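Input: a single structure, listed below in structure tokens.
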Amino acid sequence: MRHLLSTADLGRDQALTILDTAEDMASVSGREVKKLPTLRGRTVVNLFFEDSTRTRISFEVAAKRLSADVINFSAKGSSVSKGESLKDTAQTLQAMGADGVVIRHPASGAPHTLAHAGWIDAGVVNAGDGTHEHPTQALLDAFTIRRRLHGAAGRGRDLDGVSVTIVGDILHSRVARSNVWLLHLLGARVRLVAPATLLPVGIGDWPVEAGYDLDAAVAEGPDVLMMLRVQAERMHDAFFPGEREYSREWGLTDERLARLPATTMVMHPGPMNRGLEISAAAADSPASTVLDQVANGVSVRMSALYHLLAGEE
Amino acid sequence: MTTRILGATLPDGTTADLAIDRGVFVDPAEAGSARRTIDAAGLLALPGLVDLHTHLREPGFEQSETVLTGTRAAAAGGYTAVFAMANTQPVQDTAGVVEQVQALGLRAGYATVRPIGAVTVGLRGERLAEIGAMAASRAAVTVFSDDGMCVHDPLLMRRALEYVKTFDGVVAQHAQDPRLTVDAQMNEGEVSARLGLAGWPAVAEESIIARDVLLAEHVGARLHVCHVSTAGAVEVIRWAKARGIRVTAEATPHHLLLTEDLVVGYDSRFKVNPPLRTAEDVSALRAGLADGTIDIVATDHAPHPAEAKECAWGEAANGMVGLESALSVVHAAMVETGLLGWADVARVMSRTPARIGGLRGYGRAFAVGAPAQLALYDPAAAAEFSLDSLHGRSTNSPYLGRTLPGRVRHVFHDGVPTVADGGLRPADEVAAARQEVVA
Amino acid sequence: MTRIVLQSADIGRALTRISHEILESNKGPDGLVLLGIPTRGATLARRIGALLSGIAGAAVPVGSLDVTMHRDDLHRNPTRAPQPTEIPAEGIDGRVVVLVDDVLFSGRSIRAALDALQDLGRPAAVRLAVLVDRGHRELPIRPDFVGKNLPSSREERVNVRLSEVDGGEDEVTIA
Ligand SMILES: [Zn+2]
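Chains as they are written, first to last, in my numbering: chain A, 1 to 313; chain W, 1 to 439; chain P, 1 to 175.
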């Protein structure tokens with residue numbers, strides 16, 4: 001694997017290999033010496049054109065546990081000056097001898113351009129690009145689901161027959177896109193629930209069932225209910241009239257939580273708007289996997305970095 | 001003094017000799033001794049092409065293109081006249097600026113440059129520009145457009161259509177509802193949904209065209225629609241024409257050949273406004289051009305410096321250069337598919353755009369006494385389109401690396417050879433030869 | 001030119017002998033932990049574990065220790081998926097760990113295994129059991145228990161087949 005840009009590029013075996021290696025990485029994270037010498041001498045650059053402390057730290061911890069040298073390049077700080085182009089930055093990183101670049105960018109496709117424009121030899125990991133994809137988030141979600149279902153015995157298994165309902169702003173969600181391709185690849189049945197304004201035009205060929213009714217989806221008792229973050233500015237752009245109505249129609253309220261089977265996992269990629277798309281009780285309930293997701297993020301990212309950067313050049 | 005062209009194939013398929021003297025076509029039988037003879041066996045004689053939609057970028061964006069470099073690109077593509085869009089800096093919204101652009105064209109000599117005047121001051125869509133002054137200027141502007149921006153305010157559009165009528169001009173509308181296309185990055189549909197790029201829905205084009213043809217009907221004005229790109233827009237225009245509304249429309253070469261699937265690799269050479277659409281849209285455009293619903297092909301030649309394209313898709317500029325490739329693309333999309341013959345190509349790429357733009361001398365191709373605007377094209381040649389094929393200042397062509405049919409061999413602008421034996425002639429020679437003709 | 005070096009019965013005898021030697025040197029089964037290096041080392045460790053229980057009448061904990069992440073030659077090979085590391089519940093602290101591998105060659109895998117072991121705890125002692133020692137060491141590493149010493153040239157390939165992993169009959173070949 002040269003780059004990790006989109007879960008749509010992954011084959012089933014590749015995806016399972018990443019998840020299985022993440023199991024090994026998880027066991028490393030559970031012991032006293034949490035470090036492997038695997039990427040000693042390799043340089044990983046966290047290139048963040050968009051603020052996301054959580055994702056950056058997760059990648060940083062992952063790279064450091066594999067003994068890579070980590071350089072943080074942030075557009076918000078001083079290291080990427082305003083107006084400096086992606087190309088200029090890429091050439092700088094190339095000159096520094098970066099082996100891997102973890103990129104977060106507000107423009108969809110920027111990681112693809114970085115990987116394929118010929119500016120840089122490094123392996124590229126997409127850490128979230130615009131409204132396109134966030135492949136490591138989807139991998140950690142799949143990993144979290146598999147662990148909850150099968151524990152450590154999940155190794156080698158896919159998600160055949162698991163029903164996953166993703167709720168919220170599908171239109172602007174890179175998490176949703178990456179999850180749709182990956183969960184489908186792993187055999188899960190994916191359903192999308194959102195107001196029509198937040199479902200993209202042109203999803204007719206997506207391997208999903210799409211609908212508007214969260215109560216109907218709850219009544220089916222899915223194995224996984226994944227709530228997406230809602231941005232306040234969507235309200236101002238008339239995607240929905242207001243927080244109250246959104247919460248009433250598409251929020252995981254206490255009342256809906258009570259109607260879910262006890263076995264349903266409640267997932268959220270974070271950060272959560274408590275009281276908007278998810279109630280505080282739902283977020284903190286035993287059904288919630290939110291903290292597992294954070295911990296698993298490090299294991300999955302270690303696995304991804306290993307598969308991208310450990311092998312021959 | 002005379003140039004003789006022997007055995008050229010005319011657009012109607014017949015073969016004839018042509019002769020040019022002192023800037024005009026002369027009767028080959030009565031022409032004096034030839035200074036130069038071109039063996040045109042196997043070459044197609046087309047009237048010099050006319051582009052109603054070119055961005056020459058001067059003044060203001062000379063790092064992208066200048067009048068000189070843009071008209072060199074035009075000549076290389078077989079063009080002898082271009083209409084220069086108004087979105088320069090300063091904007092072509094006063095008599096002074098349009099006269100400056102026209103003078104630059106005259107000095108360069110590669111092609112006639114007809115400036116297009118802005119409809120509104122600064123293209124801001126707030127109040128009308130000095131349309132009368134531009135019409136009365138030495139540039140004698142007849143086409144007005146805010147291209148790049150849509151004249152969105154319906155009342156302002158109505159006034160513009162009415163006011164331009166006073167000067168027998170035409171408003172060329174860039175049909176794009178701005179509210180429906182905020183941050184739009186590509187055609188809205190299955191590809192945009194996958195790529196997570198904000199969609200540019202067909203309806204944003206079609207609703208403006210529908211409104212504008214009704215406005216044109218209501219006030220009895222002429223309307224020209226720039227770069228039609230959707231099947232629905234073709235339908236609306238077909239309906240309007242059937243109703244007798246005075247609307248003309250253009251399609252670009254790229255919308256006749258390329259589809260949105262090319263965006264999948266996020267290669268910003270394929271980023272253009274309006275965006276590349278679906279294969280169904282391409283077929284509808286071709287059918288519309290074939291049946292006359294769409295009147296002309298116009299390039300929307302839009303040069304950008306490398307740095308405006310070497311970046312993430314969302315940050316890249318919209319636009320493609322197109323003058324050098326237009327004829328070959330139309331050849332591939334329309335002639336090789338059997339939808340148009342060469343006489344039709346002469347109509348949609350020369351005679352009709354000249355008529356819409358009020359440009360004289362293109363009504364009767366090759367007629368004795370008419371200005372010698374001529375392109376000799378080798379339709380049997382085929383080659384990979386490469387950087388060597390480009391002659392402007394920018395290289396943002398979507399065709400680099402693609403094999404395209406045909407090749408422009410010779411071009412005469414007002415009788416002055418601008419392209420000879422497949423090569424662009426040097427600027428000083430063109431300027432000197434032009435002095436001779438004018439004298 | 002493939003030549004069979006050990007047949008199924010030879011392998012069985014070699015493992016039995018190794019088991020006896022382990023018990024002898026450790027003065028019984030107490031405190032032993034067998035860790036096989038995947039893939040075939042892990043299989044051999046399980047077999048030796050079963051033999052030890054049979055001989056000594058007490059179960060010896062068996063696990064596996066993947067060394068992929070500790071290898072120093074990752075850059076030179078295509079990326080491979082690591083195998084599971086399974087440490088027995090008893091842990092390794094204060095115990096006598098016997099590393100088990102199929103073929104001992106350069107010694108680099110064992111170096112990586114010692115490195116990996118260090119991250120997991122502090123054994124009282126570490127021993128090494130291999131089915132085949134083919135020589136050509138690049139590091140100062142020496143096995144404690146050897147099934148067969150097999151002089152070979154660097155270019156030759158030694159191939160161990162075990163029924164649990166490869167199907168068919170056990171055998172060791174050289175080509
Ligand atoms: Zn336009």
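Glycine included, each C-beta is placed from N, C-alpha and C at the ideal position.
All values derive from a computational prediction rather than experimental measurement.
- Restricting attention to beta strand (DSSP E) runs no shorter than 3 residues, the segment 204-253 of chain W encloses them at 223-225 and 247-251, ordered along the chain.
- In the three-state reduction of the DSSP assignment, residue 13/A falls in the helix class, which pools H, G and I.
- Scanning its chain for C-beta atoms nearer than 6 Å, with the 5 sequence neighbours on each side dropped, one finds around residue 259/A the residues 218, in chain order.
- Put simply, the residues with a CB less than 7 Å from any heavy atom of ligand 1 are 147/W, 148/W, 174/W, 226/W, 227/W, 273/W and 300/W, in chain order.
- Among the bridge pairs identified by DSSP, residue 143/A is matched with none.
- DSSP places residue 54/W in the strand class (E or B) of the three-state scheme.
- For residue 184/A, the enclosing alpha helix (DSSP H) begins and ends at 174-185.
- Cβ neighbours of residue 153/W within its own chain (closer than 7 Å, five residues either side excluded): 125.
- Flagged as an interface residue toward chain A: residue 81/P, by a C-beta distance shorter than 7 Å.
- Between residue 411/W and residue 122/W, the C-beta gap is not smaller than 7 Å, which leaves the two residues out of contact.
- Between residue 230/W and residue 187/W, the alpha-carbon positions lie close to 10 Å from each other.
- In the DSSP assignment, residue 129/P falls outside any alpha helix (DSSP H) and within the unbroken beta strand (DSSP E) covering 125-133.
- Per DSSP, reduced to three states, the secondary structure at residue 57/A is helical.
- For residue 34/P, the enclosing beta strand (DSSP E) covers residues 32-36.
- Contact with chain W is absent for residue 122/A, since none of that chain's Cβ atoms lies less than 7 Å from the residue's Cβ.
- Chain P places no beta carbon closer than 7 Å to that of residue 16/A, leaving this residue out of the contacts.
- Here residue 150/A has 157 as same chain residues with Cβ atoms under 8 Å from its own Cβ, once five neighbours each way along the sequence are excluded.
- The C-beta distance from residue 329/W to residue 256/W rounds to 7 Å, short enough to meet the 8 Å contact threshold.
- At a cut-off of 7 Å between beta-carbon atoms, residue 314/W makes contact with chain A.
- In terms of Cα proximity to residue 168/A, the closest of 14/A, 308/A, 20/A and 225/A is 225/A.
- Taking all protein chains shown into account, residue 33/W has fewer than 16 neighbouring C-beta atoms within 10 Å of its C-beta and is therefore exposed.
- Shown here, residue 163/W sits in a helix according to DSSP, grouped into three states.
- The C-beta of residue 78/P comes closer than 7 Å to at least one C-beta of chain A.
- Within chain A, no residue has its CB atom less than 9 Å from the CB of residue 258/W, the nearest being about 18 Å off.
- For the segment 186-214 of chain W, the set of residues with a beta-carbon nearer than 8 Å to any beta-carbon of chain A comprises 188, 189, 190, 191, 192, 193, 194, 195, 196, 197, 198, 199 and 201, in chain order.
- Among the residues facing chain W, residue 279/A is not included, as its CB has no counterpart in that chain under 7 Å away.
- The beta carbons of residue 285/W and residue 270/W sit about 17 Å from each other, so the pair does not count as a contact at 8 Å.
- In this chain, residue 290/A is not harboured by any beta strand (DSSP E); it is covered by the alpha helix (DSSP H) spanning 290-309.
- Fewer than three pairs of CB atoms, one per stretch, sit closer than 8 Å, so the segment 23-32 of chain P makes no contact with the segment 66-79 of chain P.
- Residue 218/W counts as exposed, since fewer than 16 other beta carbons sit within 10 angstroms of its beta carbon.
- Under DSSP, residue 148/P takes part in a beta bridge, and its partners are 132/P.
- Excluding sequence positions up to five before and after residue 264/A, its CB lies within less than 8 Å of the CB of 221, 222, 223, 224, 225 and 287, all in the same chain and listed in chain order.
- Looking at the DSSP output, residue 268/A shares a beta bridge with no other residue.
- Residue 380/W: not part of any alpha helix (DSSP H); member of the beta strand (DSSP E) spanning 374-384, first to last residue.
- Comparing C-alpha distances from residue 233/A to each of 210/A, 74/A and 198/A shows the shortest one belongs to 198/A.
- For residue 54/P, the enclosing alpha helix (DSSP H) has its first and last residue at 40-56.
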